[in-house]
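As given, the protein sequences belong to chains A and B, one line each in that order.
Residue 80 in this note's numbering sits at position 80 of the first sequence, with consecutive numbering throughout.
Residue 105 in this note's numbering sits at position 105 of the second sequence, with consecutive numbering throughout.
Even glycine gets a Cβ: it sits at the ideal position worked out from N, Cα and C.
What you are looking at is a predicted structure, and each value in this text was computed from that prediction instead of being measured.
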Amino acid sequence: DQQVKQNSPSLSVQEGRISILNCDYTNSMFDYFLWYKKYPAEGPTFLISISSIKDKNEDGRFTVFLNKSAKHLSLHIVPSQPGDSAVYFCAASEGTGNQFYFGTGTSLTVIP
Amino acid sequence: NAGVTQTPKFRVLKTGQSMTLLCAQDMNHEYMYWYRQDPGMGLRLIHYSVGEGTTAKGEVPDGYNVSRLKKQNFLLGLESAAPSQTSVYFCASSYTSGGAYGYEQYFGPGTRLTVT
Numbered sequence: 001d002q003q004v005k006q007n008s009p010s011l012s013v014q015e016g017r018i019s020i021l022n023c024d025y026t027n028s029m030f031d032y033f034l035w036y037k038k039y040p041a042e043g044p045t046f047l048i049s050i051s052s053i054k055d056k057n058e059d060g061r062f063t064v065f066l067n068k069s070a071k072h073l074s075l076h077i078v079p080s081q082p083g084d085s086a087v088y089f090c091a092a093s094e095g096t097g098n099q100f101y102f103g104t105g106t107s108l109t110v111i112p
Numbered sequence: 001n002a003g004v005t006q007t008p009k010f011r012v013l014k015t016g017q018s019m020t021l022l023c024a025q026d027m028n029h030e031y032m033y034w035y036r037q038d039p040g041m042g043l044r045l046i047h048y049s050v051g052e053g054t055t056a057k058g059e060v061p062d063g064y065n066v067s068r069l070k071k072q073n074f075l076l077g078l079e080s081a082a083p084s085q086t087s088v089y090f091c092a093s094s095y096t097s098g099g100a101y102g103y104e105q106y107f108g109p110g111t112r113l114t115v116t
C-alpha cells in the first residue's frame, strides 16, 4: 500500500509562473520529508527537505510547505524555468529510521 | 569526486540467470541503499546497509541478496532472475540516517535491467 502519494502524474506551467507540486502521506509517524528532482537517464538529486517541527522551508526559488494535520506537503517553484522540467519525487521517513518511502513522481514541464 | 557510480548501466538477462550489480561511492558515506523504480510505483527500497559488514531488508527484498564487504561498495545480487525483476535499479548513499543533518541520499545514475 502506497504510504506516500503524488496524485498528479504531470504538470505543465508557463515559464516565470509558479509551479506547485503536491504530495500526501498516510503514516502519521513520518516526520522527515524530502523532495528529489530527476532528469531522464539520471539518478534523482536532492532538492530540499523539511522536518515536522517546521511548516515551511525555503531555498532560493524552492519552498516546501508541510501541513501535518492534513498529512500534505507541497513544493513551490517560483519563478519556474525551463531547466526545472523534470520528474519530482517526494519522500518521507519516520524518526531516525533508515527507510525512505517515495511517491510515484510528478513530471513537470515548464513551457518557454 | 565521482559520487555514486553503478556498474553496469544496462543488462539483459534470461530467466534463471544470475548477476551482480555493483555500486561504489567515494564520499565516505556510512549508509548505502538499493532501490528499484517501476512505472507507476515510484522508488522502492530493496535492501540497505548502515555500515561495512551490515545489511538489512527494505520494502521489497525477495529475490535479491546484498553484501557490503567494503565501506565504499554495495553489491546487489540476483541469484535466479525473473521477468518481474525487470526494472531500473538505483543505488544511493548517505552520511547519516533519519532526520540527522546529512541524511539526504545521493543517487547513482541507475542500471536498466531487462529479464526475458
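query	result
Option in Gln72/B, Leu13/B, Val4/B with minimal Cα separation from Pro83/B	Leu13/B
Helix, strand or coil at Gly42/B according to DSSP, with G and I counted as helix	strand
Residues bridged to Ile48/A [DSSP beta-bridge criterion]	Trp35/A
Whether Thr54/B touches Arg68/B by CB criterion (8 Å)	yes
Span of the beta strand (DSSP E), counted from its first residue to its last, around Tyr89/B	87–94
Residue(s) in a DSSP beta bridge with Leu78/B	Met19/B
Ser18/B burial status per 10 Å Cβ neighbour count (16 or more: buried)	exposed
Top-ranked residue by Cα proximity to Val87/A, from Asp1/A, Asn57/A, Phe102/A, Asn98/A	Phe102/A
Phe102/A at chain B interface by Cβ criterion, 8 Å	yes
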